[in-house]
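Peer 1:
In the numbering used here, the protein residues as written are 12 to 185.
#1: Could you check which residue in 110, 159, 82 and 71 has the C-alpha nearest to that of residue 139?
#2: Leaving aside the five residues before and after residue 135 along the sequence, list all residues of the same chain whose C-beta is less than 6 Å from its C-beta, in chain order.
#3: What did DSSP end up calling residue 40 once you bin it into helix, strand or coil?
#4: Would residue 17 and residue 90 be called neighbours here (beta carbons separated by less than 9 Å)?
#5: Under a three-way DSSP split, which group does residue 87 fall into?
#6: What residues are listed by DSSP as bridge partners for residue 151?
#7: Closer than 8 Å by C-beta to residue 22: which residues in its own chain qualify, once you throw out the five before and the five after it? Chain order, please.
#8: Distance check for residue 77 and residue 70, CA to CA, integer angstroms please.
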């Protein structure tokens, strides 16, 4: 079973003067493509990307009423289909442990290795999935919600990651 993220596409918001992408769908999908290519999804730090659907007609009979929220949009929605994480709950003041925090910091480091900066490093964007670690016994700690991520792409295209891993990890801990 999978989880999906559906995005409203009401025109192209473009880019800031510093070339930061303002389209949440583009940010999320580019992040997942970079994370998948770097095998970060396979390592379990982020959900696996299953598939993408663009320009979905919300009036498709099999999708009604699930996409009714998109009926008034100028453009059809886009959907990202991700791995389903059973019994996941956001990291919070009642369920955090030293081990989980260490896994979250390892995860953000792996994400940065893929040339992606999460850019929203709050506990609500870290899920604890009981008993789903790669060894099957420990909890899995998973980063989600890359819709405002900064994506630096390939080193060959001149994207230079000038971001300190510790900075995002410290923001996460505050």
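Just so it is clear, CB atoms sit at the ideal spot from N, CA and C, and this is done for glycine as well. Please read all numbers here as calculations on a predicted model, not as lab measurements.
Peer 2: In brief:
#1: 110
#2: 101
#3: helix
#4: yes
#5: coil
#6: 140
#7: 85 and 86
#8: 10 Å
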